[in-house]
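Below is one structure, written out as structure tokens; the observations come after it.
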Amino acid sequence: MELVVATKNEGKVREFRKIMRDLPVEIVSLKDFPDLPDIIEDGRTFEENALKKARALAIFTKDVAIADDSGLVVDALSGSPGVLSARYSGEGATDLKNNLKLLTDLKEIPAKDRGAAFRCAIALVAPNDFEEVVIGECRGSIGFEIRGNEGFGYDPLFIPDGFDKTFAELGMEIKNRISHRFRAIKAIRPVLEKFFYVNKKDLSF
Ligand code: IMP
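The sequence shown lines up with residues 389 to 593 when you count with the working numbering.
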């Protein structure tokens, strides 16, 4: 059976394929549904946005759908940028502008109070009303300068707990072992197994 993932990002699709490779599903991406109307991400939480996207996709495709939403929550900013992570610096936002705004907003904040977390919600929605959402989190802190070239988004500022380098310096191999997205993908796997079990699709795992 098909499982549709609400992203055009091939990297994310690859991550899903990898962790679910022994399940009887074929993962297809949004690229296979060019006619799907744009889904507005206006939820107050990552969970709300992930559910909204997965619901829309499940209705449109009449198939089981998975969607994710992720971002950075900074303790000293009461959880900002949160669901606005991609658009933090306003119209025409880029990763660099977002990072510079974050540095400015934390200018007065000492090292001990620069705690933050990357968070990723993944929702699974089936046309028969089966719905579940899970969260993956990676805690760390925000550095004082942009460092490193790998990754994207806030990676050059985010220093995961237990390391003294940013995600952008540590590189993909380490990031993919501890990231919020990896943890959320791991958490959604038993949900998918439960879905198959409840629906008696395939009990061979
Ligand atoms: P999305 O869930 O792919 O839409 O991500 C929303 C925004 O959150 C991105 O544009 C980034 O700014 C930020 N973000 C999410 N995940 C990561 C990550 O793994 N590294 C750095 N930034 C991230």
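Beta carbons are placed, not taken as given, at the ideal position from N, Cα and C, and that holds for glycine.
**6 angstroms Cβ shell around Arg405 - same chain, five flanking residues per side excluded** = Ile415
**Request:** Could you tell me the distance, in whole angstroms, from the CA atom of Lys582 to the CA atom of Glu533?
**Result:** 44 angstroms
**Item:** Arg571 versus Asp457: straight-line alpha-carbon distance, rounded
**Value:** 13 angstroms
**Asked** Per DSSP, Pro548 is paired with what?
**Response** Gly528
**Message:** Can you look up Glu429 in the DSSP assignment and give me helix, strand or coil?
**Reply:** coil
**Request:** Measure the beta-carbon distance from Cys526 to Ala505 and round it to whole angstroms, keeping in mind my assumption that it falls under 8 angstroms.
**Result:** 6 angstroms
**Request:** List the residues that DSSP assigns as beta-bridge partners of Val521.
**Result:** Ala511
**Request:** Using only the heavy atoms of the ligand IMP, determine whether one of them is closer than 7 angstroms to the beta carbon of Leu460.
**Result:** yes
**Message:** Relative to the C-alpha of Arg535, which candidate in Ala481, Gly559, Ser468 and Lys495 has its C-alpha closest?
**Reply:** Gly559
**Asked** Given that a residue counts as buried once 16 or more other Cβ atoms are within 10 Å of its Cβ, and exposed if not, what is Pro337?
**Response** Here the chain comprises residues numbered 389 to 593, so residue 337 is not present and cannot be evaluated.
**Request:** Mark Phe540 as exposed unless 16 or more other C-beta atoms lie within 10 angstroms of its C-beta, in which case mark it buried.
**Result:** exposed
**Message:** I need the DSSP call for Leu411, collapsed to helix, strand or coil.
**Reply:** coil
**Message:** On the criterion of 16 or more Cβ atoms from any shown chain inside 10 Å, does Lys485 qualify as buried, or is it exposed?
**Reply:** exposed
**Message:** Strictly by DSSP, which residues pair up with Ile454?
**Reply:** Val393 and Leu512
**Prompt:** Touching or not, the region 446 to 453 and the region 479 to 493, by the rule of three or more beta carbon pairs under 8 angstroms?
**Reply:** no
**Message:** Please list the terminal residues of the continuous alpha helix (DSSP H) segment that includes Ile562.
**Reply:** Met560 to Ile566
**Message:** Along the chain, where does the alpha helix (DSSP H) containing Ala446 start, and where does it finish?
**Reply:** Phe434 to Thr449
**Prompt:** Can you tell which of Gly431, Glu390, Asn487 and Glu403 has the C-alpha that lies nearest to the C-alpha of Pro412?
**Reply:** Glu390
**Item:** Span separating the alpha-carbon of Ser592 from that of Leu580
**Value:** Caution is warranted here: a pLDDT of 43 is assigned to Ser592, below 50, making its placement in the model unreliable, and no coordinate value can be reported.
**Message:** Contact defined as beta carbons within less than 8 angstroms: I believe Ala474 pairs with Val522. What is the distance between those atoms, to the nearest angstrom?
**Reply:** Actually they do not touch by this definition, with Cβ atoms about 21 angstroms apart.
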